[in-house]
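S.K.: Questions regarding the structure given below will be posed in turn.
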Amino acid sequence: MRMRSRFDDQLKDLNNALIEMGAMVENAISEACKALIEQDTTLAGQVIDNDDEIDNMEETIETMCSRIILQQQPVAGDLRLVMAVSKIVTDLERIGDHASDISELAIFLAGKPYVRKLEHIPQMAKATTKMVTKAINAYVRKDLELAMEVITYDDIVDELFSLVKDDLVGLIKENKDDSDRAIDLIMVAKYFERIGDHATNVAEWVVFSLTGEHRHSIRGE
Numbered sequence: 010m011r012m013r014s015r016f017d018d019q020l021k022d023l024n025n026a027l028i029e030m031g032a033m034v035e036n037a038i039s040e041a042c043k044a045l046i047e048q049d050t051t052l053a054g055q056v057i058d059n060d061d062e063i064d065n066m067e068e069t070i071e072t073m074c075s076r077i078i079l080q081q082q083p084v085a086g087d088l089r090l091v092m093a094v095s096k097i098v099t100d101l102e103r104i105g106d107h108a109s110d111i112s113e114l115a116i117f118l119a120g121k122p123y124v125r126k127l128e129h130i131p132q133m134a135k136a137t138t139k140m141v142t143k144a145i146n147a148y149v150r151k152d153l154e155l156a157m158e159v160i161t162y163d164d165i166v167d168e169l170f171s172l173v174k175d176d177l178v179g180l181i182k183e184n185k186d187d188s189d190r191a192i193d194l195i196m197v198a199k200y201f202e203r204i205g206d207h208a209t210n211v212a213e214w215v216v217f218s219l220t221g222e223h224r225h226s227i228r229g230e
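Numbering-wise, my numbering comes out as the position in the sequence shown, counting from 1, plus 9.
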């Protein structure tokens, strides 16, 4: 009983750390988008600087996972929970990297009006932030239905990316003088699309933690 209680305490600490890292990543997405829209180079620089904190949090959580496995030697469902966290934080770290990438482009693009109104890109930021939040909540609550909802929601992000890409490719064909800035905005949208993919990966690892199967095997892909 004492060993189980110790494991439960460690798992609770692990969940809290994961929630904290998730909040850091959500904030990075939101602030990167705000910096882009408002052409705020100072805020963009802060997002880039704060990425080190996300990296450090990943290392901290990975150490916690290793310690739990070594000390508690969990099996079956308990082991899957810990293994899932070790995979989830890798995707969260990559999301932080992409927020930093977006911020770097925001700095580069600042100072001149955008070649197109940023309509769908903020929608992508909002959608991907929601995906990250729900995916983390799905893990903590052990909510399989919520995890599957995140996976399905990725289609919305993909559709938004297609809208941005098609619009900007059309602009490039019409006016080659704006092609470089249009391509940079396509890259911004691509980074948000990748954030959606990583949020989907998080949800898939939640599915694994609860069922022992990865999403692709469940769907027969």
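Ideal Cβ positions, reconstructed from N, Cα and C, are used throughout, including at glycine.
1) Rounded to whole angstroms, what's the CA-CA distance from MET133 to LYS174? Just pull it up for me.
2) So what's ASN25 in DSSP terms, helix, strand or just coil?
3) Short of 8 Å in beta carbon distance, which residues of its chain neighbour PRO83, apart from the five on each side in sequence? Order them along the chain.
4) Closer than 6 Å by C-beta to ILE70: which residues in its own chain qualify, once you throw out the five before and the five after it? Chain order, please.
5) Which complete alpha helix (DSSP H) runs does the segment 141–194 hold, if anything under 4 residues is left out?
6) Using 10 angstroms around the beta-carbon of LYS21, count the other beta-carbons present and answer buried if the total reaches 16, otherwise exposed.
7) Closer than 8 Å by C-beta to LEU23: which residues in its own chain qualify, once you throw out the five before and the five after it? Chain order, please.
8) Just to confirm before moving on: does the CB-CB distance between LEU177 and ARG103 stay below 8 Å?
9) Pick from SER171, LEU118, ASP87: whose alpha carbon is nearest that of ASN221?
10) Pull up the distance between the alpha-carbon of ALA115 and that of ALA44, whole angstroms please.
11) Alpha carbon to alpha carbon, what distance is there between GLU29 and THR161?
12) Please look up how many angstroms separate the CB atoms of THR137 and ILE204, rounded, as I've assumed it's under 8 Å.
M.R.: Taking the structure as given:
1) Just so you know, the alpha carbons of MET133 and LYS174 end up roughly 13 Å apart.
2) helix
3) PHE16, ILE77, LEU90, VAL91
4) ALA26, VAL98
5) 153–183
6) exposed
7) ILE70, MET73, CYS74, ILE77, VAL91, VAL94
8) no
9) Residue identity differs from the one stated: residue 221 is Gly in this sequence, not Asn. The residue with the shortest Cα to Cα distance from GLY221 is ASP87.
10) Distance between the alpha carbons of ALA115 and ALA44 is about 7 Å.
11) One C-alpha to the other measures close to 25 Å.
12) 4 Å
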